[in-house]
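J.: Sending over a structure as structure tokens; questions will come in a sec.
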Amino acid sequence: MSKFSVKKPFTVFVAVVIILVTGIVSYTKMTPDLFPNIDMPYVIVVTPYAGATPEKVENNVTKPLEQRLATLTDIKNLQSVSNANYSMVMLEFEDSVNMDTVSSDILQKINLVEGNWEETVGTPTIMKLNPNMIPVSVAAVDYKGKDRAELSSFVSDTLMNQLEGTTGVASIDTSGILEEKVNVVISQDKIDRINNKILASVNGQLASAQSELDAQKGKVQQGKSQLDDQQKKIDDGKAQLEKAKTQLEEGKPFLPEEQYKEQAEKLAKTEKQLSTAEGKIKTAKTELSQAEGQLKTAQAQLDSQAQTAREQAKIGDKITTEMISGILQGQNFSMPAGYVEEGGTNYLVSVGDDVSTEVQAKNLFLFDSGVDSVGKIYLKDVADVFMSDNADNLYAKINGEDGVVLSFSKQSNYATAEVCENIQDKFAELSKEHDGLRFTSLMDQGDYIKLVVNSIISSLLWGALFAILILFLFLRGIKPTIITLCSIPISIIFAILLMYFSGISINLISMSGLAVSVGMLVDNSVVVIENTVRLRRQGVPAPKAAVAGAKQVAAAITASTLTTICVFVPIIFTDGLTRQLFSDMALTVAYTLIASLIIALTLVPAMSSKLLANTKETEGKYYLAVLKKYEQSIRYVLKHKAPVLVLAVILLAGSVYFSLQRGFIFMPEMSSPQIQATMEMPKGSSLEETKETADTAIKKMEGIKDVDTVGAILSTGGMMGGGTSQASVSFYIMLKEEMEHTSTWVADKINDACKDLKGVVTASGSSTGDFTTALGGAGVSINVYSADLDHLQKAAKGISAELAKVKGIDEVESGIQESDKEYHFVVKKTAAMKRGLTVAQVYTAIVDAMTYEDKATTVTWQDNDYDVMVSSEQKEALTPKEMKNLTLTVKDADGKEQKIKLNDIAKLEEKETLKSIGRDNQSRYLNVTGTLKEGYNVTKVTSAAEKAIDQYELPKGTTIEFTGENETIMDAMGDLVLMLILGIVFVYLIMVAQFQSLKSPFIIMFTIPLAFTGGLLALLITGKEISVIAMIGMVMLTGIIVNNGIVLVDYINQLRAAGSAKKDAIIEAGMTRMRPILMTSLTTILGLIVMAFGNSSGTDMMQPVALVCIGGLIYATLLTLYIVPIIYDIMNGEEYKHLSDEDLDISNI
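For the sequence shown, our numbering begins at 831 and goes up steadily by one.
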């Protein structure tokens, strides 16, 4: 390869130009992000279960779901929470699962159980967790000259439509929007007044009818009295007639016959007349009796009609929210009906007209009362119509002033920085379009990403500059320095090209890989150029020196590159977060080193053959003095091996012990120009208390140095209608561009300033702190498992007590929630079925009876849309007694409405219930947590907690498991230790293949513990704990440090193969290879120096990698020049045994 490059330098030049052009184009197409794209293998299944207690949710929904979902392929963990009214099941899958297809598998399992659910169980919702759900940008909006209502209307109606079209924006959430609505509140006073008027009219009409009826009754009674008088007269006449008859018969003998007959005829005639009169009286009485019956019937009818009329006069039964809502919907209607043609032109025909003003709404016709004195009934006659807003429930502040806050979430296929830039561009465009419109950034991940990336690029450039300075000092010539310098940008651009085609984005991890590699990528070129310069000093012509200089070290630098790369190969055996986070770094380092190897074997020889043609540099006197001192010291060390080895072992053991004593962390804190804080209010806090406390917190934050802007928004848990509950406030704090202090310092000041407030304010100045907390929670976390609820609670209380005694623990939560009082209606199914009702219908009727507000329609008044809410007059919450006496209006199976007392079909029970029930892998559990005091390490405190809890005797059938942040750290550390061990094995095997020996690679492996010693010492000196990031540095050291050993041992073997004595070969190799060893180590060290000791955002997260590499390289490089010769001397005899080409010559066989 080197020979070809020297012969055809222009071919190499063309290849370099192609790489540069395509690499630069690739870079322009790559958009930066903070972290690599992380696929979260989590799915949440949420199932609503209206009216159900947590226990009922657990038994009827959660458990059946868990049993089915647990049979899914590649499921890793299954957790659930059963709350009142809903179930939430969280599934964690193996990383190999295709999350795009898993939803259909989950749906199939759900279909198997939902057929057995009650009617009140809703349809489950399947949600995949995605980091893109977190807002990438938060901004406040204000508009000069507009009040809050006008601003809210502008944002809702105009601004949102324009912002939602921004490229890459998935959704926008708003806070602080003033929402107005039209209230139609049914007024019982107005209804009573109308009722009284109608009742007065009805009573008047009834009184008139009753008076007429009474008059007729009087006439009948008078007639009956007259008939009785006449009947008496007839009876008297009949008595006199009988008496006259008797007298006539007695006087017959004394009377003439004619006179007798005449008298007898008169009496008969009189009798006949009396009989006729009596018949008439009887007929009249019969008629009067009939009239009397008719009057009684009329009275009964009048009484019935009076009751009906009085009941109908109560229009309150007609005036319901449903009735008014229906009329509003029907009247607020306008739709096109079609077209008519006239004179060849089509005209649109529309039907209806919208309710366009408040006056029209108030004058909306309801019905005709049918009473002249009352007339038609309009909406204003029975209800109050007025506007209202939600101002009392809003809290969105920017530097203490009311405002509107927008939160932007991005689409998954767009980079964060790109979306944030698009949002800012849109802000600028809208600000120009609307004079007086202003956007204030409260959180912008794009700005932070750019800051981080620019910081790392700056670190990379400074590192490259320092590396060039070292090259110049050692090579003592501008031409060799220029040759080596060219390898830096070309290798980086080549690596970027490979990153682009392998789908790696520009992010904190990948850019850190480039920054870490900047010192290493000149190593191969340094070895080649140093060897070429050495040959030129010996008088070898430039072309031959260029070819030979590369060829002689090609195997060594190839092996060195492979050893550095192969330590990252074991990352394929890790999973989860470790693999997703650090694959980008591994590939970036690999690409960079592969590019540097190719450049060292092609471009460097091609340039050396031309630029070093007249080079005749000689060794510097200072370097020769160093060589002389080294020769003296190595001879002394080879005679006194034991003290040196013992000292090295003591330092290794001491560094490991003291580092372990400090504990582990996941990631170091990373400073940010943006701080987020939360304020949790005590349970039962009112909305006003929350607002006042938040206002005080804002004032305190604004008084802290380096704070520029403070935004705050309110989020509540159950705080409805001014009730009481627990509430929290989120704060967004933007720091000044020229900060005097770190964000961690500012966050500490915020926490200290707000410690005396009613609410607990927690601010984090580290952008990685929230990341770690989200992954596993902060502090000590213990899951307690038991099937027996009493045992579970007893164990949780006991463990909490033990945990509280552990040094470093601040506040302890047992996970045991206070039980809630609940009133539960048990439907009497038999009684309900007799009335044609199901449990679901009864539930719906109860909900309707307890709901006082209903959205009727939406009206447009003065170009603004308002919801129309119809409600009864405001009432206090129902008491249990009132609930029992509720009258439900329901429809039976035939569709007929009926009124039923709730107490007749349901029984009200009072019971204690848990607020929620947690389950982990189908077992009930409680989570005991303990927060840490300032300055304590979570792994050390967790270790102490484990020892303390081991002394506690758990109830029978109870088990515990430590989880949370400690579990996250230990899992990641376990992956990295596995990666480290496999990396060491691979490094050894590659060296075995290179040296064709088991012994020489074994000698070189002693450089690895030296590197670990230096890395751990660096962490101890700088006060850093061992973190996942520091462990990545250890992994990298494994591949880097053996390169020095390879160069040294390889040359010792070459000298011995040429006939040199063992000790002479060891000393000469050390002296000859000291310069390339020092050059490669110093270029790597100085390439990382800015990252290690810089204080800018971005570099602080990767600082442990740089510190470990610098410490390891300094310590191991110096000791490699002594320890490797000592081990080599101990493990090798005087005779050097190896197979030569002559030993394998078979031509004479």
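All residues carry an ideal CB built from backbone N, CA and C; glycine is no exception.
Nothing here was measured: the structure is a model prediction, and the numbers come from that model.
Roughly how many angstroms separate the alpha carbons of M1800 and F1403, rounded to a whole number?
T.: Within the sequence shown, the letter at position 970 stands for residue 1800. Within the sequence shown, the letter at position 573 stands for residue 1403. Computed Cα separation, rounded: 16 Å.
J.: Can L1043 be considered in contact with the ligand NAD, in the sense that its beta carbon sits closer than 7 Å to one or more heavy atoms?
T.: Judged by which ligands are present, the structure shown has none, so any question about the ligand NAD falls away.
J.: On the three-state DSSP scale, how would you describe G1845?
T.: Taking the sequence shown and counting its residues from 1, the one referred to as residue 1845 is at position 1015. Three-state result, G1845: helix.
J.: State the DSSP-derived secondary structure class of A1625, mapped to helix, strand or coil.
T.: On the sequence shown, residue 1625 is found 795 positions in, with the first residue counted as 1. In this structure, A1625 counts as helix in the three-state DSSP scheme.
J.: Under the three-state reduction of DSSP, which class applies to I1888: helix, strand or coil?
T.: By 1-based counting over the sequence shown, the position of residue 1888 is 1058. It is Ala, not Ile, that sits at residue 1888 in the sequence shown. Coil.
J.: Is the region 1775-1794 touching the region 1510-1519, taking contact as three or more C-beta pairs under 8 Å?
T.: no
J.: Per DSSP, S1753 forms a beta bridge with which residues?
T.: Taking the first residue of the sequence shown as position 1, residue 1753 is located at position 923. DSSP links S1753 through a beta bridge to D1750.
J.: Have a look at P1319 and V1559 and give me their C-alpha separation to the nearest angstrom.
T.: Here the question's residue 1319 lines up with position 489 in the sequence shown. Here the question's residue 1559 lines up with position 729 in the sequence shown. Using only the alpha carbons, I get a separation of about 48 Å.
J.: From I1915 to V1235, what distance separates their C-alpha atoms?
T.: Here the question's residue 1915 lines up with position 1085 in the sequence shown. Here the question's residue 1235 lines up with position 405 in the sequence shown. Computed Cα separation, rounded: 46 Å.
J.: Mind the definition here: the region 834-850 touches the region 1423-1441 only if three or more C-beta pairs lie below 8 Å; say whether that holds.
T.: yes
J.: Ignoring anything shorter than 3 residues or poking outside the region 1346-1412, list the beta strand (DSSP E) runs there in chain order.
T.: none
J.: With 16 as the cutoff for other CB atoms within 10 Å, does F1238 come out buried or exposed?
T.: Numbered from 1 along the sequence shown, position 408 holds the residue referred to as residue 1238. Label assigned to F1238: buried.
J.: When you compare each of D1214, V1768, A1128 and S1413 to M1699 by their alpha carbons, which one comes out closest?
T.: Within the sequence shown, the letter at position 869 stands for residue 1699. When only C-alpha atoms are compared, the closest one is D1214.
J.: Count the other CB atoms, across all protein chains shown, that sit within 10 Å of the CB of T1709; report buried if there are 16 or more and exposed otherwise.
T.: Position 879 of the sequence shown, counted from the start, is the residue given in the question as residue 1709. The residue in question, T1709, is exposed, as its Cβ has fewer than 16 Cβ neighbours within 10 Å.
J.: Can you tell me whether A1380 is buried or exposed, with buried defined as 16 or more other CB within 10 angstroms of its CB?
T.: Locating residue 1380 in the sequence shown gives position 550, where the first residue counts as 1. That one is buried.
J.: Once the 5 residues before and after V1363 are set aside, which same chain residues still bring their CB inside 6 Å of it?
T.: Translated into the one-based positions of the sequence shown, residue 1363 becomes position 533. The residues are P1310.
J.: Please list, in chain order, all residues of the same chain as I1424 whose beta carbon is under 6 Å from its beta carbon, the five residues on each side excluded.
T.: Here residue 1424 refers to the residue found at position 594 when the sequence shown is read from its first residue. For I1424, where only same-chain residues beyond five positions count, there are no Cβ hits under 6 Å.
J.: For E1776, which three-state DSSP category applies?
T.: Start at 1 with the first residue of the sequence shown, and residue 1776 comes out as number 946. Three-state DSSP puts E1776 in a helix.
J.: Buried or exposed for T1574, please, with buried defined as at least 16 other CB atoms from any protein chain shown within 10 angstroms of its CB.
T.: For this step, residue 1574 is matched to residue 744 along the sequence shown. With 16 or more other Cβ atoms within 10 Å, it is buried.
J.: Taking the beta carbon of I1811 as the centre, do at least 16 other beta carbons fall within 10 Å, making it buried, or is it exposed?
T.: As a first step, residue 1811 must be located in the sequence shown, where it is residue number 981. By the 10 Å Cβ count, I1811 comes out exposed.
J.: Would you report the Cα separation of Q771 and I1359, rounded to the nearest angstrom?
T.: The first residue shown for the chain is 831 and the last is 1979, placing residue 771 beyond what the model contains.
J.: Strictly by DSSP, which residues pair up with N1984?
T.: Any question about residue 1984 goes unanswered here, given that the chain covers just 831 to 1979.
J.: Please work out which residues of its chain come closer than 6 Å, Cβ to Cβ, to T1523, disregarding the five sequence neighbours upstream and downstream, and give them in chain order.
T.: Here residue 1523 is taken as the residue at index 693 of the sequence shown, counted from 1. Result list for T1523: L1587, K1588 and G1589, in chain order.
J.: What does DSSP give as the partner residues of A969 in its beta bridges?
T.: Along the sequence shown, read from residue 1 onward, the residue named residue 969 stands at position 139. DSSP, once it has assigned bridges, lists L1236 and S1271 as partnering A969.
J.: Taking K1854 as the reference, which of I1676, E1499, S1038 and N913 has the closest Cα?
T.: Here residue 1854 is taken as the residue at index 1024 of the sequence shown, counted from 1. Cα-wise, what sits closest to K1854 is E1499.
J.: Specify whether the region 1104-1121 and the region 1063-1070 touch according to this definition: at least 3 beta carbon pairs, one from each stretch, less than 8 Å apart.
T.: yes
J.: Going by DSSP, what residues sit across from M1509 in a beta bridge?
T.: Along the sequence shown, read from residue 1 onward, the residue named residue 1509 stands at position 679. BP columns for M1509 point to V1559 and V1591.
J.: Check the C-beta distance from P866 over to L1411 and give it rounded, since I have them as a contact under 8 Å.
T.: Position 36 of the sequence shown, counting from 1, holds the residue named residue 866. Position 581 of the sequence shown, counting from 1, holds the residue named residue 1411. That pair is a contact at about 6 Å.
J.: In or out: L1619 buried (at least 16 other Cβ within 10 Å) or exposed?
T.: The sequence position of residue 1619 within the sequence shown is 789, counting from 1. The residue in question, L1619, is exposed, as its Cβ has fewer than 16 Cβ neighbours within 10 Å.
J.: Where does I1339 sit, in a helix, a strand or coil, going by DSSP?
T.: Here residue 1339 corresponds to residue number 509 of the sequence shown, with the count starting at 1. In the structure shown, I1339 sits in a helix (DSSP, three-state: H, G or I).
J.: Contact defined as beta carbons within less than 8 Å: I believe K1529 pairs with G1233. What is the distance between those atoms, to the nearest angstrom?
T.: Here residue 1529 refers to the residue found at position 699 when the sequence shown is read from its first residue. Here residue 1233 refers to the residue found at position 403 when the sequence shown is read from its first residue. Not confirmed; about 16 Å, so no contact.
J.: Using C-beta distances below 7 Å, list every residue in its chain close to Q1046, excluding the 5 sequence neighbours before and after it, in chain order.
T.: Translated into positions along the sequence shown, residue 1046 becomes position 216. The answer, listed in chain order, is L1125.
J.: In whole angstroms, what separates the C-alpha of I1814 from that of F1923?
T.: Position 984 of the sequence shown, counted from the start, is the residue given in the question as residue 1814. Position 1093 of the sequence shown, counted from the start, is the residue given in the question as residue 1923. I1814 and F1923: Cα-Cα distance of roughly 29 Å.
J.: So, do the region 874-882 and the region 912-922 have three or more beta carbon pairs nearer to each other than 8 Å?
T.: yes
J.: So N1581 is in the alpha helix (DSSP H); what residue range does that whole segment cover?
T.: Numbered from its first residue, the sequence shown carries residue 1581 at position 751. Note, N1581: alpha helix (DSSP H), S1573 to A1583.
J.: Please return the same chain residues whose Cβ sits closer than 8 Å to the Cβ of I1428, not counting the five positions on each side in sequence.
T.: Locating residue 1428 in the sequence shown gives position 598, where the first residue counts as 1. F1324, listed in sequence order.
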